[in-house]
Every structure is written in structure tokens, then in C-alpha cells.
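Peer 1:
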Amino acid sequence: MEPQFEVTCAIPRSGRTFENALARFCEHGADAGEIRKILELSARSKASSSTDYDEASRFLAYAVNEAPCFGLFVDRKRRHRPYRVGFLGHEWTLGGVRVRVEGEEPHNGSSLIRLDEIDCAVVGLDELLTMTQYYLGNPSAVTKWGMYNYHLDKPTDIRIAGSAQLTSYSPVLHQPVQDMVGFFLISKPSSRYHAPEQEPPPASRRRSLPYPRDFLAHLERDGRRVFVKGRYQGVVATAYPELKVAPVEDVEDAVVDEGPGSVGLEVVQTGNTLKQKGLLLHGAPLFLSESLWVADYRRYLKSEPLQRFIQAMQPVGYFDDERIRHFALWYLALEINLGDAWINRPPVTSLFCDRKDIANGLRPYRLQTRYWRPDDSYKQDEALALVNRSRLTLQAYYEQYRAELAPQLAIG
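Position in the sequence shown counted from 1, then plus 3, gives you this note's numbering.
Now the structure itself:
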């Protein structure tokens with residue numbers, strides 16, 4: 004039988020990115036009532052998961068009767084690895100294009116593009132890096148997604164089209180904020196500063212704690228063990244080859260259990276669990292990530308439906324105004340939530356883009372740009388001027404939101 008769909012697209016089977024992606028599809032033609040029912044069933048699936056296959060299948064039968072787009076999968080993120088109902092696949096007309104949307108493991112999206120089995124996917128940079136480092140000339144230089152296409156050195160058709168700009172409600176700022184995260188160094192405060200059962204030292208003293216600014220380089224020389232989730236072990240080893248990495252299932256729990264002075268590298272979005280467990284966040288992240296539109300570039304050039312679909316999804320550029328606005332909000336929410344527990348906090352503008360990033364290819368490109376990556380010579384002066392204007396815009400947004408939120412959030 005000939006397929007009725009024109010484009011294949013992978014998204015996660017469950018979780019926040021899955022929910023936000025489906026919510027965005029409503030804006031492009033998907034039936035809102037149908038999406039709402041799918042999201043309701045998905046939200047109930049975690050509580051209905053079970054290590055007993057028959058028990059999990061009973062909820063699957065109910066879910067499929069309500070919305071025939073679900074299947075069972077093994078939830079490997081939970082220690083007892085239960086069977087869980089997750090999104091299997093559905094077809095929608097999005098942006099005037101018939102699209103088969105398929106549920107997958109988050110890190111598999113880029114692999115399926117590489118294997119020529121789908122056209123595009125919603126993938127985080129963290130997941131992309133873990134699966135495709137081999138294709139990058141200098142993986143350690145790719146600390147922001149705007150550098151990724153620039154550093155593709157070996158033959159592959161995988162390209163980042165831009166940010167999917169998926170948002171979630173922030174209880175800190177009481178408004179939607181884009182799903183940005185940072186892969187940060189975290190630690191349990193050393194007992195020489197305060198015992199766990201005691202109140203932490205005042206802010207003035209915590210700011211002066213003798214943590215080096217480049218704490219990761221210090222740990223590499225020091226030989227202290229650093230906990231890392233197994234999937235990120237290769238990424239960390241590439242950036243810091245001398246680091247003594249210890250792969251674990253849950254980095255935060257490992258740092259807490261190891262005791263004062265222990266350290267780990269963990270993906271942080273809001274900092275809520277760090278705050279609850281009394282952990283510290285250090286400096287700038289090893290890399291920044293968010294949900295991205297990733298596509299098979301060769302197929303994109305040949306397929307008019309894929310071009311129309313990607314363009315309808317409106318991938319946002321790294322330096323687009325709306326993304327800059329959300330970057331200011333994400334940074335501010337993390338700053339407010341963690342306060343002085345964010346040691347050696349970098350300025351918002353340097354975290355967004357510094358001179359080293361520009362040299363490493365963090366410059367504007369569009370879907371009309373060849374290979375979707377910046378050129379080293381073409382209109383470089385204009386590109387650098389835009390980068391500088393973007394940093395000024397970011398600082399202005401940050402100061403504006405901080406001033407607006409100061410009274411209701413009691414921040415100075």
C-alpha cells in the first residue's frame with residue numbers, strides 16, 4: 004500500500020517535550036480536542052505503568068480505545084524499568100502537509116535521520132551530541148546548538164534547522180518559558196563551610212567560597228571523581244579527557260550520597276531539585292540545550308512537502324528576538340531560584356555568546372543558507388554586528404524583566 008503521509012517526523016514517546024510538541028501542533032492544524040485527549044491519557048500512563056506486562060496492557064487497551072495512537076514501551080529512566088503506555092504514532096495535516104508523527108526514545112531521533120528512516124525530528128542538543136559526536140570536527144567546541152552545523156566535518160545529512168521553541172509554565176516567573184537547560188557542574192557543599200544539619204552561611208560568605216572559576220579544569224588536574232549520567236560520558240570525556248568520570252543512574256542522588264565535597268555533571272533546567280537537596284551549581288554549563296528541529300538536509304533539498312513542513316514549524320534562529328527574550332527569562336528564573344547557590348554565576352550575555360563562541364561558528368544562519376551553517380567570509384561583518392546587537396538586546400530584556408519582577412518576587 005502507498006503511504007498517505009508525505010513527511011515522517013519523530014518526537015519523544017512521553018514527557019515534557021512530547022507534551023509541548025503536541026501542543027504546538029495544535030497551532031498548525033491538529034485537532035485540539037484530539038490532542039487534549041492524547042495528552043490526558045499520556046499523563047495517566049506513568050501512574051499506570053507496571054513491571055507486570057498484563058497489568059500494563061490493561062491500561063493500553065483502554066488508551067487505544069480512547070485514542071488509537073499508543074503502544075507499550077519499557078521506561079528505562081526508572082530503575083525497575085516498568086512497561087509503560089506511550090505515544091506510538093499518528094497522522095496529522097500540519098501546515099498543509101500530511102505528516103506521520105512517530106514516538107521514539109529522545110536520543111533515537113538523530114539516529115533515525117542518520118539511518119535514512121525519517122525526515123525530521125524534535126531533538127535536544129544533548130541527545131544529538133551523544134549520538135553524533137563522530138561527525139564533528141571539534142566536538143568540544145560545540146557548546147551551543149548554533150555551532151553544531153558549522154562543525155560537521157564527516158559526511159552526514161543531519162542538520163539543525165533551528166529551535167523548536169517549546170515552552171513550559173515557570174512557577175518562578177508565573178509565565179511560559181522556553182525549555183532551555185544547561186549541563187552544569189553541581190556539588191554538595193563541603194563540611195568545612197557548614198555541616199548539613201546547620202543553616203547555610205550568609206550570602207556574603209557564600210559568594211566568597213574558594214571554588215575556582217574553572218572548577219572543571221581544576222577537577223581534571225585534581226583527579227577527584229565526577230559523577231555523570233552514563234549517556235553523557237562520551238561528551239564529557241571529549242571535552243575533559245583527563246577527568247575522572249564515574250557513570251551513575253542519578254547524578255544528584257550520587258552527589259548527595261557521596262557526601263560533602265562530592266561533584267557531578269547534570270542537566271539543569273529550573274534548579275528545583277538542586278535547591279531541595281541543598282546542592283550548589285557552578286559557573287557556566289559545559290553546553291546549553293533545548294528542543295530543536297533536526298532534519299535530513301539531503302531530503303529537505305529534494306522534498307517540497309518537507310520544505311513546506313519545516314518552514315511551517317518556523318524553526319527559530321539562535322539570535323532571533325523571541326529566543327533572546329526567552330533566554331533572558333530562563334536565565335532569570337534559574338538565578339532567582341538558586342540565588343547564592345549558583346557559585347561563580349556568569350553574566351547572562353557571556354553565557355549566551357562570547358568571543359570564543361563566535362570564533363567557533365556561533366553566527367546567524369537561515370533555512371535559505373547553504374547547508375544551514377554560517378559562512379566564514381560571506382557577510383561576516385553584518386553577522387558580527389547582529390551578534391553584538393543581540394547581546395545588547397539580551398541585556399536589555401534581562402534588566403527589564405528583573406525590574407518588573409523584583410517587587411513580586413522580592414529580589415534585589
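From the three backbone atoms N, C-alpha and C, an ideal C-beta is built for every residue, glycine too. All of these numbers come straight from a predicted model, not from anything done at the bench.
1) In chain order, what residues of the same chain lie with their CB nearer than 6 angstroms to the CB of Glu223, ignoring the 5 residues before and after it?
2) Using CA coordinates, which residue listed in Gly233, Trp296, Cys72 and Lys305 is at the minimum distance from Gly112?
3) With distances taken from CA atoms, which of Leu268, Glu252, Met183 and Gln383 is nearest Phe218?
4) Which residue from Arg326, Arg376, Pro349 and Arg81 puts its Cα closest to that of Ala50?
5) To which residues of the same chain is Arg195 closer than 7 angstroms at the C-beta, ignoring the five residues directly before and after it?
6) Am I right that Phe76 and Leu63 are in contact with their C-beta atoms under 8 angstroms? What's the rounded C-beta distance?
7) Any idea what DSSP makes of Tyr368, helix, strand or coil?
8) The ligand GTP heavy atoms versus the CB of Arg366: any closer than 6 angstroms?
9) Rounding to the nearest angstrom, what Cα-Cα distance links Thr352 and Leu335 in this structure?
10) Are at least three pairs of beta-carbons, each pair with one atom in the region 138-153 and one in the region 248-262, less than 8 angstroms apart?
11) Shortest alpha-carbon distance to Leu332 belongs to which of Met150, His177, Ser190 and Tyr368?
12) Quick one: using the 10 Å Cβ neighbour count with 16 as the cut-off for buried, is Thr3 buried or exposed?
13) Using DSSP with H/G/I as helix, E/B as strand and the rest coil, what is Ser166?
14) Out of Ile327, Arg302, Pro349 and Phe186, point me to the one whose CA is closest to Gly274's CA.
15) Kindly confirm or deny that the region 118-135 and the region 280-287 touch, where touching means at least three C-beta pairs closer than 8 angstroms.
16) Helix, strand or coil: how does DSSP classify Glu120 here?
17) Would a C-beta distance cut-off of 7 angstroms place Ser1 and Val184 closer than the cut-off?
18) Buried or exposed: where does Pro377 fall if 16 or more other Cβ atoms within 10 Å of its Cβ makes it buried?
19) Can you list the beta strand (DSSP E) stretches of 3 or more residues lying completely in the region 80-157, in chain order?
20) Using the rule of at least 16 other Cβ atoms within 10 Å of the residue's Cβ for burial, across every protein chain shown, is Asn141 buried or exposed?
21) CB-CB under 6 angstroms to Leu266, same chain, minus the five flanking residues each way: which ones, in chain order?
22) Excluding sequence positions up to five away, which residues of its chain have a Cβ less than 8 angstroms from the Cβ of Asp324?
23) Using 7 angstroms as the threshold, is the C-beta distance between Gly92 and Ala315 below it?
24) Report the rounded CA-to-CA distance for Lys280 versus Lys232, giving the unit in angstroms.
25) Taking the alpha-carbon of Asp165 as reference, which of Ile313, Leu304 and His221 has the nearest alpha-carbon?
26) Skipping 5 residues on each side, what residues in its chain have a beta carbon closer than 7 angstroms to that of Ala67?
27) Would a check of beta-carbon distances place Trp148 closer than 7 angstroms to chain B?
28) Quick one: using the 10 Å Cβ neighbour count with 16 as the cut-off for buried, is Asn391 buried or exposed?
29) Along the chain, where does the alpha helix (DSSP H) that runs through Cys29 open and close?
30) Grab me the residues of Gly106's own chain with a C-beta within less than 6 angstroms of its C-beta, minus the 5 sequence neighbours each way, in chain order.
31) Looking at the secondary structure, which residues open and close the beta strand (DSSP E) in which Gln178 lies?
32) In the DSSP assignment, the beta strand (DSSP E) including Leu246 goes from what residue to what residue?
Peer 2: In brief:
1) Tyr243, Glu245 and Leu246
2) Trp296
3) Leu268
4) Arg81
5) Confidence in Arg195 is poor, its pLDDT being 45 and thus under 50, which makes the residue's placement too unreliable to answer from.
6) That pair is no contact at about 10 angstroms.
7) coil
8) Because no ligand of any kind appears in the structure shown, any question about the ligand GTP cannot be addressed here.
9) 12 angstroms
10) no
11) His177
12) Not covered by the structure: residue 3. The range shown for the chain is 4 to 415.
13) strand
14) Phe186
15) no
16) coil
17) No information on residue 1 is available, as it lies outside the stretch 4 to 415 that the chain covers here.
18) buried
19) 86-90, 92-97, 100-107 and 123-127
20) exposed
21) The sequence shown places Val at residue 266, rather than the Leu named in the question. For Val266, where only same-chain residues beyond five positions count, the Cβ hits under 6 angstroms are Ser190 and Val229.
22) Thr396
23) no
24) 18 angstroms
25) One point to set straight first is that residue 165 is Gly, not Asp, in the sequence displayed. Checking every option, the nearest Cα to that of Gly165 belongs to Ile313.
26) Reading off the sequence shown, one finds Val at residue 67, where the question assumed Ala. Phe73, listed in sequence order.
27) Looking for chain B here will not work: only one protein chain is present.
28) exposed
29) Arg19 to Cys29
30) Arg16, Gly89, Phe90 and Leu91
31) Gln178 to Gln181
32) Per DSSP, Leu246 belongs to no beta strand (DSSP E) and is neither H nor E.
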